[in-house]
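Numbering (mature numbering (1 follows the signal peptide of the UniProt record, and there is no 0)), first residue to last: -19 to -1, 1 to 665.
Working notes, structure below.
Structure (structure tokens):
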């Protein structure tokens, strides 16, 4: 996770540097930056009209270029970046979709239940033609959609009872606007009453109703009273301009930020005394002033702060965000980080996408689960101070120059999604190259694995999980329901070649018991060497007798050498060993020497060091050698004991069973408990 987070931070840093490179290239080719002001006198009539349409100011009654230029100057300063964005938006001319309502519930859900947006709905009465024709309606939809106004069509033939109840007996236009200035307030529906069915008149009717929600100040006394008043709004934005009404984008934003930001329009058209404006620091008009508890901020002085709906919307969202805005931001970042797994994961293509889908599901689930307690935490009544301090931190950090650069880059890359996706893909390919190079240096085999090999290994893993318990999930000794007879039946099915032998993981070997073999009364190496030399002649006869007795033992009898140590020590018996090769005759035999120089009949193993569930044996049936004092032993679940190196090589070679009894080496067997010796009463 931390690797993907670092890769995502590197990607954002690369985007920031790339944006500065684009600015330098644009400055080198054209000689200006996006923040430079544009003189409206040098612009054509078409460009001036485009700027007015993007700002939402009517110009139908202004045939002269001079009047249009003055209206542009009255609405705010024009920057090169805003002009470029407006021209690009006009050239794009993308078709905007309009909603077709199916009935009363659909209309109520989208229009009347929407508290932070404006709707324009064309109602078509039964057996009537629409009020606005198809061509003009498409122009209206395209014009109002620039300011976040949603459109739709309600045909009364789909729900005539609702139209009669509403009084829609003829075709008309309906506009829904929030009635109050509080968040999630009531919505009022206004009906178009104009006689002229033209695009400009309809748009003027819409902007007039939207602007009526904005508080308007006409004199300095009212401004002084409003400026010094403290109310529920912590953030206020003032527009000081010489206009009849605020621009449409300003009115649309006032609806969108209902309950969060208060929008105030100061009409200075007929002011004679502007001394109070100078007292509060307003020296020119038009000006967009943000008033916060921390001070005054002049909008338009930093990078990307254009006089447009999109630029001011991103600015206000960063200052006064909603919980939904933070959730969407975290969702985007988490998914961008999860997609890095497609390039970090090496190997087959199918493996990459399987890991990607798994990562996307995991990260999104964790994100939603982590947001639930946060939402509950924010509902507590004693967190108002915490909420205010959080918003104060947002306001301090997002009014800096760095924050303005980030907002400008966000608007640039969001308006060019192809560039954003291509840079993300290029960054991912670079990560894939360096990760592949690193793993090749580490001699990792998964880099060269193809789809067929990976699917084969995935199938092997699945079949091994299906037929055998995974030993890495359990510790030996363990209790499991797999130890019953049905599992033995499944295991027998895996032995014939009609079934594929499952791939069994070998990590259970590290959980097998290990200990050192010790003998009682073992002397040092020098003493044992002298003992061996002194008794060499005496042991020849004994060795011959032992050899003659061993020669009579069959090959299968040599697999296990078990003995009884006193009356209480067990030997390999039918109850504890299921091996049909083991002999259980009660023979008594002197143990061989466990030293490294010879044998002696007086040395006995120290059975107290052995685990209680292990059988007492003195010979490894893998290498057919006796256990030497100090050697490392390993036991299997069945109870048989071997040299540690011998049995590890046996199991690692794919033979996951005991060499003696063929019991599965990864399966638990009921542990053997040593019987208590019978107490013999001495004769009286």
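Think of the CB as a built atom: it goes at the ideal place given N, C-alpha and C, for glycine as much as any other residue.
As the structure is a prediction and not an experimental result, all values here were calculated from the model.
Return the first residue and the last residue of the alpha helix (DSSP H) that residue 119 is part of. 115 to 125
Check for me: the beta strand (DSSP E) holding residue 159 runs from which residue to which? 153 to 159
Evaluate residue 611 with the Cβ neighbour count: other Cβ atoms within 10 Å of its Cβ, from every protein chain shown; 16 or more gives buried, anything less gives exposed. exposed
May I ask you to list the residues that DSSP assigns as paired with residue 279? 270
So what's residue 623 in DSSP terms, helix, strand or just coil? strand
Using only the alpha-carbon positions, how far apart do residue 622 and residue 488 sit? 19 angstroms
Best match in 375, 229, 174 and 630 for proximity to residue 155 [C-alpha to C-alpha]: 174
Can you tell me which of the three DSSP states residue 241 falls into? coil
Can we say the segment 275 to 285 touches the segment 224 to 237, given the rule of at least three CB pairs closer than 8 angstroms? no
State the Cα-Cα distance for the pair residue 26 and residue 184, rounded to the nearest angstrom. 21 angstroms
If I measure Cβ to Cβ from residue -13 and keep anything under 6 angstroms in the same chain, skipping five residues before and after, which residues do I get? 321 and 412
For the segment 22 to 92, which segments carrying the beta strand (DSSP E) assignment without a break, of at least 3 residues, lie completely within its bounds, in sequence order? 80 to 82
Taking contact to mean at least 3 C-beta pairs separated by less than 8 angstroms, is the segment 102 to 121 in contact with the segment 36 to 48? no
Bridge-paired residues (DSSP) for residue 196: 245
Over the uninterrupted beta strand (DSSP E) stretch that includes residue 215, give me the two end residues. Note, residue 215: premise wrong, no beta strand (DSSP E); not H, not E.
Mind checking which residues open and close the alpha helix (DSSP H) that includes residue 357? 330 to 359
Measuring CA to CA, which of 32, 41 and 408 is closest to residue 54? 32
Quick one: give me the first and last residue of the alpha helix (DSSP H) that residue 382 is part of. 382 to 396
Over the uninterrupted alpha helix (DSSP H) stretch that includes residue 136, give me the two end residues. Unbroken run through residue 136 is the beta strand (DSSP E), 131 to 136; no alpha helix (DSSP H).
What number of angstroms, rounded off, separates the C-alpha of residue 254 from the C-alpha of residue 309? 47 angstroms
Mind checking who residue 650 pairs with in its DSSP beta bridge? Partner(s): none; residue 650 has no beta bridge.
Start and end residues, beta strand (DSSP E) containing residue 497: 495 to 497
Here's the rule: buried if 16 or more other CB atoms are within 10 angstroms of the residue's CB, otherwise exposed. What is residue 140? buried
Measure how close the beta-carbons of residue 169 and residue 234 come, nearest whole angstrom, since I'm counting them as under 8 angstroms. Not confirmed; about 19 angstroms, so no contact.
Would you mind sorting residue 379 into buried or exposed? The rule is 16 or more other CB atoms within 10 Å of its CB. buried
What are the boundary residues of the alpha helix (DSSP H) that residue 605 is part of? Looking at the DSSP string, residue 605 is not in any alpha helix (DSSP H), and its letter there is neither H nor E.
Would you report the Cα separation of residue 646 and residue 496, rounded to the nearest angstrom? 18 angstroms
Please report the distance separating the alpha-carbon of residue 194 from that of residue 319. 44 angstroms
Going by C-alpha to C-alpha distance, which of 142, 178 and 133 sits closest to residue 157? 133
Residue from -16, 187, 179 and 178 with nearest C-alpha to residue 171: 187
Assuming residue 113 and residue 125 make a contact with CB atoms under 8 angstroms, what is their CB distance in whole Å? Rounded, the Cβ-Cβ distance is 12 angstroms, inconsistent with contact.
Would residue 203 be called buried (16 or more neighbouring beta carbons within 10 Å of its own) or exposed? exposed
Rounded straight-line distance, which links the Cα of residue 362 to that of residue 16: 44 angstroms
In the DSSP assignment, find the unbroken beta strand (DSSP E) run with residue 100 in it and report its ends. 100 to 105
In terms of residue numbering, what span does the beta strand (DSSP E) encompassing residue 171 cover? 168 to 172
In angstroms, rounded to a whole number, what distance separates the CA positions of residue 206 and residue 271? 17 angstroms
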